[in-house]
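All remarks here apply to the structure that follows.
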Amino acid sequence: MARTAPNDAAVAAVLGVPASAATGSLASRVGRAAALVAFVALVVVLGLTLAPANALELQYAVSLTLFAVATNLILGFGGLVSFGQGIFYGVGAYTVALGWMHQSLNFTEAMVLAPFFGAVAAIPLGMLALRTRRLYFSLLTLTMSQLAYVIAENQTNLTGGTNGVFGAMVPTWLLDPHTSFLFTAAIVAVAIAILWKVVHSPFGLVLRAIRDNRERVEALGVNVYAHELAAFVISAFFCSLAGSLFVVYSQSSYPEILNWTASGVPVFMAVIGGMYSFFGPVVGAFVYEFASHYLIEYTQDWQLVIGAVLLAIVLLRPDGLAGSLGSLRAWLRRRRPVEQATVAAAPENAEGTP
Amino acid sequence: MRVLGKKRRARSYLTALTVAALAATAGTAATVSAGASSGGTVTVGESTTLSGSIAELGQTGLQGVQFAINAINAHGGLLGKHINVVSADDAATPATGASNARNFILNDHAVAMFGPIVSSVASAEEPVVTQYKVPIFFYISNDIALLTKDYTPYAFQVVPNTVMEPRAAADYLAHMVGKKKITIGTFAPNYSFGTSTVAGFIQALKDLHVNYKLVNQQFPPLEATNIAPYLSALVAAHPEYVFNAQFGGDLVTFSKQAAQYGFFKHTKVIAMYSRYPLQSLGAGAPAGAIGFDRAPFWALGKTGMNGTGMAAFINSFKAKYHQYPSAWAIMGYSAVQTWAYGVKKAGTFDGTKVSAALSGANVPTIRGTLNLRACDHQANVPEYVGTVSAKPSAQYHLRLWDSVFVAQAKDIMLTCAQSKALRG
Amino acid sequence: MARFLTETIGTLSDAGSLFVVAAGLTLVFGAMRVINLAHGTFYMYGAFVVTTVAGTASGLRFWVAVVVAALVVAVLGAIVQLGVVRFVVGKEPLTQLVATFAVLYILADVALHLWGSGARSVSAPLGVSGTFTLAGAYLPVYDLVIIGTAVLVGLVLWLLLSHTSLGWMIRAAVDDPELLQSGGVNLRRLHLAVFATGALLAALAGAIVTPQISVAPGMDQSIIVSSLLVVVIGGLGSVVGTAFAALIIGIADTVGTLVDPTWASTFMYFAVILVLVVRPWGLFGTPER
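Residue numbers (numbering that gives the first Met the number 0), protein chains in the order written: chain A, 0 to 353; chain B, 0 to 423; chain C, 0 to 288.
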């Protein structure tokens, strides 16, 4: 992964991070896996049986889960608060859309290339952004996001400008909502599985160690900058993939997907769902998307509701809904006989909670 | 600061998709219909801009559409079916417009769509209606690209396009200045319509051999909250004439701000001084400026404003809404008439058959008989130009125009060959 | 010359209003180390309150409306401080950003209820609504009002921060809060005062520019971006830096428009990226220890 002197597995061992993050007893692990399978099955069945318009919405929500999980690789596990992942989402979407508009790439080529373009774009941006830390990193990525937005808006000949790109860029076999749902769900499932592997690899463990205690990891001779850059690039790769799936859903690409509020969306999803848990952002993506899409059928005040949810979570439950679920389980357990009473708060404990 | 004036609505793409509900805020609730097949009802959809500084166009346009639908329903509906209109706000955002169109077609089973205000939104809706084979009638958005570069057999345009409208204004100007050398500036919203209509104006000046020099061009964002930096650059260049392609509230803001520079004393502004801007500006309306409009009620009786029922429509609209109909309402009314004619002629609501029936058809409307020529589906509608008067009109008690010049469709339209050449 | 004057006055007027908004943002950061993403919301509320209070009247009532707007929004700022921001002082940047963004969302929705989704406008009050001529250039008198307000705000802030004990307390609030508290200063009350003042400045800027803009939803999100750029270039927490940065951005924008309009709007973003990479504490800020 990186040109570090000690290898990641060794570092992880020194730091005392467990090699496997799947903590808990075998029974709870099996239970968790069963819950995951049931959830995936439910989503697939819904996607295939819902009316076309609803299947499309579900497809969109599924593609957003990838955006959120990919962003959370650097947010929750890397401790890097990026307000710039919309750039890579946009690179993915624009690769497909512009490939069609300029007749330079066909759909398949564009879909394959999109994540790589995102990763390549992430190298220089990450190298610059990672020179700063904490708040300044957030502000710098936010600025980059706005820059990308302004460029997309003004370079009309290249990008279609404020109009964006709309058209028949998706092949006809993918136009049926159920087919495109399956296509999206399959890609997202594979991508999330790979991200799971990354998070639970020695590299992922070192990344978390950097988040928790940067100085100590540096002292062990680990090249922190290289690790963070690698994580940034991997995250960008999958954000771009999610962006290309956005085109499958919307058959369009436009500047607004690049701006800072768009970049904030996966961050909010991760915060809502729980950024210290791998599957937290999945929960967050569903909650956010369904709230903003379906809530408005009952109330116009979806902004108010989402704002209130964000506020409540960030002030009361910083470990998100997934964390709350963990605490709820712990609380239930506490009501049973005493021996299992040891319950700690996030981050470590919430890890791996679906 | 350009960033200050950035697009008013920097909504996230997620929220953009869900803005439909805001229609309710704008006073036009999105009604949910049972769909085309049930209970003898068919649904048509209109996604348009109902919020922000250009909302007046969308709101009055929708009133015109609703008016026409009510008239059809009052006469027993269409093919025996009652017509229902669903509407939603697109916030002038292409993505929202496309998403609204898709929702209307998939959820509400809309059999026809009536166009948005903004050409970029219209262009985003075109692939959607083409995919689902539903006809769309543009009566406000008018970018020439909608019928050329983005051509689809399902789109019809009953409004003068971005070649016709600026050509009409240029004709008027050429007549006014003769051989005199003039300096010109342009000011237009920064999206397809703005660039297209400015290009159309410049091309028309060339074709008419006007002796002009272009001294400044500004493209502020549509619905910009702050145009000051663009305006000061335009003012600083001291043009004698300015072609302004803004409309609705944006044109009102421009006129007020420009007046603060004393701009109208030395510069003749050529802009869409239609009913709403003139009424909003009231005494502040710039006398002597050149106005153009696509269907001004005060041109009643002239070509394109002389169909059966026009006078009655103006009167009943005034009775209902306590104001004269905007061009948008008049064109919206005629757009519905066009669709209804196609349905009757085809004997079905099927989008492909209705579109085929309308291609090349001569449609009787309140504006007169409109020919939707087969090559690009552009209706042969005229454009109207006049000079903003200094006093309120004796008949209408509003500041309108001194006289009305009608630019006939045949004099300002592209030929079919030219139109097809633009298809690329 | 006329052309130069028109552009200069226009640039100064824009930079002036931007400075007043950004000064509030940087003041809050200086004293509390919180970046308030809802700062633009106070600007928008200031503008909306003016449209309500001033109505179509364009005399003395406009000035009353400006004062009312600033005060009403200062109270709103105090409520936000007590209800939300108080709890995130000293927390992770993520917590602060998300919490204040949530406030932005909530208040944007409330504004929709209060003022609707349409655009509103206010006429410049009589006396300052006309044109004056200078060296052959016709210029809006109202630009002078904005520039004057900005200069006044700058002077007052400068005096306040460098010549009063309050200024010392604000600086000490971050550097040495223990010392401050041992000296009997109520840190909470200080934060409340600073945050309300920040909101007041944003509202004042929003109120004062109403005759030159159309007031509509979405203003909150666009102004917060420009003010962030300004405070970052100037140096987070530095009022003097903010003034310079507002001017730099104004000039870069005007010059950029003359050189190449399609790239003009990117200049300031490149500037900010450069500053953050090379000198993250900005032109006039001090590096955090």
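All residues carry an ideal CB built from backbone N, CA and C; glycine is no exception. Remember, it's a predicted structure, so these values are computed and weren't measured experimentally.
query                                                                                                                       : result
Minimum length 3: unbroken beta strand (DSSP E) runs contained in the region 334-399 of chain B                             : 361-364, 367-370 and 382-391
Contact set for residue 176 (chain A): own chain, Cβ-Cβ below 6 Å, skip 5 residues either direction                         : 51, 54 and 55
Nearest to residue 120 (chain C) (by Cα), restricted to the options C:37, C:47 and C:2                                      : C:47
Chain C contact residues for residue 143 (chain A), given Cβ-Cβ distances below 9 Å                                         : 268 and 272
Endpoints, alpha helix (DSSP H) assigned at residue 45 (chain B)                                                            : That residue, residue 45 (chain B), is in no alpha helix (DSSP H); its beta strand (DSSP E) goes 40-47.
Within chain B, partners of residue 141 (chain C) - CB distance below 7 Å                                                   : 259
Bridge-paired residues (DSSP) for residue 341 (chain C)                                                                     : Shown here, chain C extends from 0 to 288; a query on residue 341 (chain C) therefore has no answer.
Every unbroken alpha helix (DSSP H) inside the region 157-237 of chain A [4 residues or more]                               : 176-198, 201-211 and 213-218
Classification of residue 232 (chain A) by the beta-carbon crowding that lies within 10 angstroms, buried from 16 upward    : buried
Three-way DSSP call (helix, strand, coil) for residue 185 (chain B) in this model                                           : strand
Contact set for residue 497 (chain B): own chain, Cβ-Cβ below 6 Å, skip 5 residues either direction                         : The requested residue 497 (chain B) is not part of the displayed model; chain B covers only 0 to 423.
Nearest-angstrom Cα separation, counted from residue 83 (chain B) out to residue 30 (chain B)                               : At residue 30 (chain B) the pLDDT is 38, less than 50, meaning the model places this residue with poor confidence; the figure from the coordinates comes in the next sentence. Taking the straight line from one Cα to the other gives about 9 Å.
Separation of residue 226 (chain C) from residue 188 (chain C), as counted between CA atoms                                 : 26 Å
Contacts of residue 212 (chain C) in chain E (Cβ-Cβ under 7 Å)                                                              : Of the protein chains in the structure, A, B and C, none is chain E.
Residue from B:358, B:327, B:329 and B:326 with nearest C-alpha to residue 340 (chain B)                                    : B:358
Three-pair Cβ contact test at 8 Å for the region 278-285 of chain A versus the region 88-95 of chain A                      : no
7 Å Cβ cut-off: residues of chain C touching residue 300 (chain A)                                                          : 108
Nearest-angstrom Cα separation, counted from residue 229 (chain B) out to residue 125 (chain A)                             : 35 Å
Residues of the region 106-138 of chain C whose Cβ lies closer than 9 Å to any Cβ of chain A, in chain order                : 106, 107, 108, 109, 111 and 112
Residue closest to residue 198 (chain B), alpha-carbon to alpha-carbon, out of B:244, B:182 and B:232                       : B:244
CB of residue 111 (chain C) within 8 Å of CB of residue 216 (chain C), strictly                                             : yes
Reference residue 61 (chain B), options B:88, B:388, B:151 and B:409, closest by Cα                                         : B:88
Beta-carbon neighbours of residue 76 (chain A), restricted to chain B and to distances below 8 Å                            : In chain order: nothing, as chain B lies at least about 24 Å away.
Beta-carbon proximity of residue 231 (chain C) to residue 138 (chain A), cut-off 8 Å                                        : yes
Proximity winner among B:297, B:55, B:171 and B:151, relative to residue 203 (chain B) (alpha-carbon distances)             : B:171
Residues, ordered as in the chain, of the region 231-261 of chain A that lie near chain C by beta-carbon distance below 9 Å : 258, 259 and 260
Three CB pairs or more closer than 8 Å across the region 252-268 of chain C and the region 145-158 of chain A               : yes
Residue 186 (chain C) to residue 179 (chain C) span [Cα, whole Å]                                                           : 8 Å
Chain A within 8 Å of residue 104 (chain C), Cβ atoms only                                                                  : yes
C-alpha distance - residue 25 (chain B) paired with residue 46 (chain B), whole-angstrom precision                          : Confidence in residue 25 (chain B) is poor, its pLDDT being 36 and thus under 50, which makes the residue's placement too unreliable to answer from.
Below-8 Å beta-carbon distance, residue 156 (chain B) vs any chain A residue                                                : no
CA nearest to the CA of residue 159 (chain C), picked from C:9, C:2, C:22 and C:7                                           : C:22
Cβ neighbours of residue 20 (chain B) in the same chain (closer than 6 Å, five flanking residues each side left out)        : Note on residue 20 (chain B): pLDDT 35, under 50, position unreliable in the model; the coordinate value appears next. If we look at residue 20 (chain B) and ignore the five residues flanking it on each side, it has no Cβ neighbours.
Per-residue contacts from residue 9 (chain C) into chain B (C-beta, under 9 Å)                                              : 227, 228, 230, 231, 232, 234 and 235
C-beta neighbour in chain B for residue 91 (chain A), strict 8 Å                                                            : no
Cβ-Cβ separation, residue 129 (chain A) to residue 227 (chain A) (assumed contact under 8 Å), whole Å                       : 5 Å
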